[in-house]
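Participant:
Number of protein chains: 2
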Amino acid sequence: MHLLLNKQKLYISLLFTLFSIISNGQPQRPNIVIFMVDDMGWQDCSLPFWKEKTSLNRQFHTPSMEKLAAEGMKFTNAYATPVCTPTRISMLTGMNAAHHRVTNWTSPLKDNPTDNSDQQFGVCSWNYNGLSPRRGIAHTVLATPLPQLLKDAGYFTVHIGKAHWGSNGTPGSSPANLGFMINVAGNAAGHPQSYLSEENYGNTVGKAGLQAVPDLQEYYGSGTFLTEALTLEALKAIEDPITRKQPFFLHLAHYAVHVPIMADKRFFQKYLNNGLDSIEAAYATLIEGMDKSLGDVMQYLKKKGVERNTIIIFMSDNGGLSNPGSRGGVRAYTHNLPLKAGKGSVYEGGIREPMIVKWPGVAKPGTTAEQYVIIEDFFPTILKMAGIKKYSTLQKIDGISFIPVLRNPDYLNNERPLLWHTPNKWIPNDGPGINYFSAIRQGKWKLIYSYRTGKAELYDLSVDIGEQNDLSKSETAQSQKMIRLLTAELKKYNAQVPVDKRTGIAVGYPK
Amino acid sequence: MHLLLNKQKLYISLLFTLFSIISNGQPQRPNIVIFMVDDMGWQDCSLPFWKEKTSLNRQFHTPSMEKLAAEGMKFTNAYATPVCTPTRISMLTGMNAAHHRVTNWTSPLKDNPTDNSDQQFGVCSWNYNGLSPRRGIAHTVLATPLPQLLKDAGYFTVHIGKAHWGSNGTPGSSPANLGFMINVAGNAAGHPQSYLSEENYGNTVGKAGLQAVPDLQEYYGSGTFLTEALTLEALKAIEDPITRKQPFFLHLAHYAVHVPIMADKRFFQKYLNNGLDSIEAAYATLIEGMDKSLGDVMQYLKKKGVERNTIIIFMSDNGGLSNPGSRGGVRAYTHNLPLKAGKGSVYEGGIREPMIVKWPGVAKPGTTAEQYVIIEDFFPTILKMAGIKKYSTLQKIDGISFIPVLRNPDYLNNERPLLWHTPNKWIPNDGPGINYFSAIRQGKWKLIYSYRTGKAELYDLSVDIGEQNDLSKSETAQSQKMIRLLTAELKKYNAQVPVDKRTGIAVGYPK
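Chains P and X, in that order, give the protein sequences.
Position one of the first sequence corresponds to residue 43 (the working numbering), numbered consecutively onward.
Position one of the second sequence corresponds to residue 43 (the working numbering), numbered consecutively onward.
(1) Nearest-angstrom Cα distance between F444/P and E330/P?
(2) Please classify S504/P: is it buried, with 16 or more other beta-carbons within 10 angstroms of its beta-carbon, or exposed?
(3) Do G164/P and K438/P have their beta-carbon atoms positioned less than 7 angstroms apart in this structure?
(4) Answer yes or no: do R71/X and A428/X have a C-beta to C-beta separation smaller than 7 angstroms?
(5) Enumerate in chain order the residues of its own chain whose CB-to-CB distance from Q190/X is below 6 angstroms, with the five nearest sequence positions on each side excluded.
(6) Mind checking whether K278/X and A218/P have CB atoms under 7 angstroms apart?
(7) Excluding five sequence neighbours on each side, which residues of the same chain lie with their C-beta closer than 6 angstroms to the C-beta of M82/P?
(8) Please list the partners that G196/P has in chain A, where partner means a Cβ-to-Cβ separation under 8 angstroms.
(9) What's the C-alpha gap between G473/X and M133/X?
(10) With 16 as the cutoff for other CB atoms within 10 Å, does G67/X come out buried or exposed?
(11) Tell me where the beta strand (DSSP E) around V79/X begins and ends.
(12) Roughly how far, in whole angstroms, is the beta-carbon of W168/X from the beta-carbon of N466/X, given that I think they are within contact range, below 8 angstroms?
(13) Please go through the same chain and pick out, in chain order, the residues whose beta-carbon is closer than 8 angstroms to the beta-carbon of V183/P, but skip the five residues on each side of it.
(14) Restricting to Cα atoms, I'd like to know which of G203/X, Q101/X and K95/X is closest to T273/X.
(15) Let me know if T545/P comes out buried or exposed under the rule of 16 or more other beta-carbons within 10 Å of its beta-carbon.
(16) Ordered along the chain, which non-local residues of its own chain (more than five positions away) have a Cβ less than 7 angstroms from that of H425/P?
(17) The stretch 259-271 of chain X: which residues have C-beta closer than 9 angstroms to a C-beta of chain P, in chain order?
(18) So N73/X and N351/X are supposed to be a Cβ contact under 8 angstroms. How far apart are they, rounded?
(19) Does G289/P get closer than 7 angstroms to chain X when you measure Cβ to Cβ?
(20) Can you tell which of V549/X, Q253/X and K400/X has its C-alpha closest to the C-alpha of A227/X?
(21) Once you ignore the five residues that flank N158/X on each side, which residues in its own chain have a CB closer than 7 angstroms to its CB?
(22) Decide if P540/X is buried, meaning its Cβ has at least 16 other Cβ atoms within 10 Å, or exposed.
(23) Quick one: what does DSSP say M524/P is sitting in, helix, strand or coil?
(24) What's the C-alpha gap between I224/X and H201/P?
(25) State the Cα-Cα distance for the pair N511/P and K488/P, rounded to the nearest angstrom.
(26) Which partner residues does E499/P have in the DSSP bridge list?
(27) Who are the near neighbours of D502/X in its chain, counting only those whose CB is closer than 7 angstroms to its CB and skipping five residues on each side?
(28) Let me see if you follow: with CB-CB separation under 7 angstroms, is A205/X close to chain P or not?
(29) Does DSSP classify D440/X as helix, strand or coil?
(30) With a threshold of 7 angstroms between beta carbons, is D338/P in contact with chain X?
(31) For the candidate residues Q484/P, W84/P and V247/P, whose alpha-carbon lies nearest to that of L527/P?
(32) What residues in its chain sit with their C-beta under 6 angstroms from that of I284/X, if we drop five residues either side in the sequence?
(33) At least one CB of chain P closer than 7 angstroms to the CB of M137/X: is that the case?
(34) To the nearest angstrom, how far is it from the Cα of K249/X to the Cα of E412/X?
(35) Where does the unbroken alpha helix (DSSP H) through S132/X begin, and where does it stop?
(36) Can you name the residues of chain X whose CB is closer than 7 angstroms to the CB of V247/P?
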């Protein structure tokens, strides 16, 4: 009888093992939400990312970001690239922008480099058609996109909002070709024609341009602001995988807070009352509407009982817009103080982002990490979060998983260099760190290099976050070391450099 | 030892039972494809649906339809409604058009009845905003849509192509609200602005109208005809559920062969060579392109190894367009011969459809069924095919499952009445059976009733498929019986009737 009992036990144990393997395949995998904001600056929230709360922090109301930070980890040294498409492609490929060569924003029109014309430099042959998952598409970077790997591993993959990964007429213009099973409102456009349902988000007969937002017909005329409509679509899309217990990957990529800066009436009067001018008040409503969306997502996950098993990553794609030609005006290049400059710049104002990660059970609530990370790190990090260990990609991955940081907020790596590279002319008139720049950070040191002047600047970010005191003359050894490091990184990627218009000769790497 | 052996057997048997329950939940459910064509007439193919092959059958080339019929069952008496939206809503709700009251096509613009103005009748209060899954939307029919039930039961639900279930600004304009997890190119529009990628399917700046086809940016300028692009998107969408062995429901609803009649260059020259004029040749290319799509789907299912477990239902939403104002010209109302009239009419040319069902293992290959069926029958049939027995709906279902026919091509039910009802003015000038008509079929008998004249016609379809010999005067008893049946059916649904403009009084049911 004893023998029999053991056999019984054996069978029962075998049964449970099989049951567990069959029903799960592996331990339950987390849902992953990337909450991506467009053109949001480091200071555009009530959550402080600096050592002190600034007047900008007091100007904005983002209670959901505060809540997310209280439940997760705040990254104070998180970086993207200076403009949107390069960031979005780095995220989806794990490649540095110097490597994938989509170093400027892509036009909805194919074969149409967006660089402004310049007296000194020609347009280099960057990948101005964006990302392609298929071979043979001219001027694209060929790569295996992150959502494809997640989908192949059984994730239900959803893209909602701004895509902007490739030009019309190329596969990369459709999120469906990048591994997203559901796509709502994403195409080749980099901003919305209108945030207003009263204007059908741009889809009015005879007036629709390349930026008219697709797919939201049900909200036309309903008074639903674009940010709200996208949120509703996102929650709709993840309902089914939640019900079926299939892990999901949601890339909720708001068009907010990109231009056109249009007031979200739900929040407008408050900011006018607070003394903001109409443009800045409207901008603040874009921020608060985005924050409400974050709160709605968090609430929905809780309601559905998947809060504990869902990772939320909050990020912006580049620094806050601040150049004179658009939002700047008399306040040009001050919208990201204490950071220098804004969108388009390799100074901190153009690249440092408000980043938060909530990972229940892994990242300790209310923690802050000062370790620097960069957008291409999302790729290996997310695959690890999803438990995907074996995968092959067409591209070599440059990013590094930041899971060690999530597990330990004091994790420190001051050796790793971070690279930014823009051999492009983003706006007609040069601004601080804008047009034909590279930059490199290692530890507390950051070097800025201008291809136009051939000059370098060196900053100690540990005491000079505003990049005001150029130490290149006083710290010559460090400066030389950083220039060599920058050149080595650029050479590693065989990075493109501006070409002199008169001579046709490339200006060469920094020396 | 014998006891032990039995116990071992018991455990092993238990194990396998559990395994089977866990891995499947139930016996493997079939994938279901509805291949829906727009405005395709009964004769617009090389597959004959009549007792003889006609010159129209010889005019068109549809080898894939022939193949599908050889592998499945051909329905020679399959019906839809006279125009598109009513058909599409009957399919998604299981309701007769007189019941759901979407008796004409819906405008992309909300609150915009599409009826033409009339001297005699006003516009009745039909549901001109279409179908709604949510309460409180004016002028919509509230119903639980078929794909929602399939999705709730674990099906992966995909809509590709023309939707046309509700006006902009209402939930029904978005397939995502009707239970479709994926939607590509479907919105409130009833036809495409352009079939050509060279015209971005209508999405050219400043020229995009309400019919510009959304979501296909990757094909812009690529030379991909709309029908081909939709096919590629459909195959892309079902790849993942096939890989994961999740049953799928694909509603591939081509914009073809609706106006604008534009040539698909891949097939154009052949039809010109055959002597067709340029419009009819272009129309034939729309048909052949659609047929190629069907072939591509069949080939893909085979390649993926799911051919044996996939049901394909081929259908059109109304009769072939043939009125003088559009395609007709000198050939008006002859495009569906031997059937009378065309789209918009309650005569056979407006409502009889080319229908084929392939269900491996159930419907015997190469069979033909003469039993009449109607579009609302799709609802209960498909739910049964999917093994969904218990479900609740907001609406009462009028359709009847045609699975008994699929199991037995000789199945006969001559008692059931079929009803058509159009208290609307579809085109500015009345045509045969067009504007303010009802019709009823029972067995071989069909009665046509005009609200404008108050007169009825009676036909014996068994000998007069062309509805040429009105028997209402000679077969008075049968005629009276059919009128009473028609009135009873209309009363059952509390159907709307035209209202006299001068008196404001409804004309009443047929007497």
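Beta carbons: idealized from backbone N, C-alpha and C, even for Gly.
Facilitator: If we stick to the structure as given:
(1) 28 angstroms
(2) exposed
(3) no
(4) yes
(5) G221
(6) yes
(7) V299 and S358
(8) The structure shown contains no chain A; the protein chains it does contain are P and X.
(9) 26 angstroms
(10) Only weak support exists for where G67/X lies, its pLDDT of 46 falling under 50; the coordinates are left without a value.
(11) N73 to V79
(12) 7 angstroms
(13) I131, T135, M137, H142, R143, V144, N169, G172, L173, S174 and Q437
(14) G203/X
(15) exposed
(16) It is Leu, not His, that sits at residue 425/P in the sequence shown. For L425/P, where only same-chain residues beyond five positions count, the Cβ hits under 7 angstroms are L191 and Y433.
(17) Q259, E260, Y261, Y262, G263 and S264
(18) 6 angstroms
(19) Position check: residue 289/P holds Pro in this sequence, whereas Gly was assumed. It does not: the Cβ of P289/P has no partner Cβ on chain X nearer than 7 angstroms.
(20) Q253/X
(21) K467, I469 and P470
(22) buried
(23) helix
(24) 12 angstroms
(25) 12 angstroms
(26) I490/P
(27) K486, W487 and L513
(28) no
(29) coil
(30) no
(31) Q484/P
(32) K346 and V348
(33) no
(34) 47 angstroms
(35) C126 to T135
(36) G251 and L252
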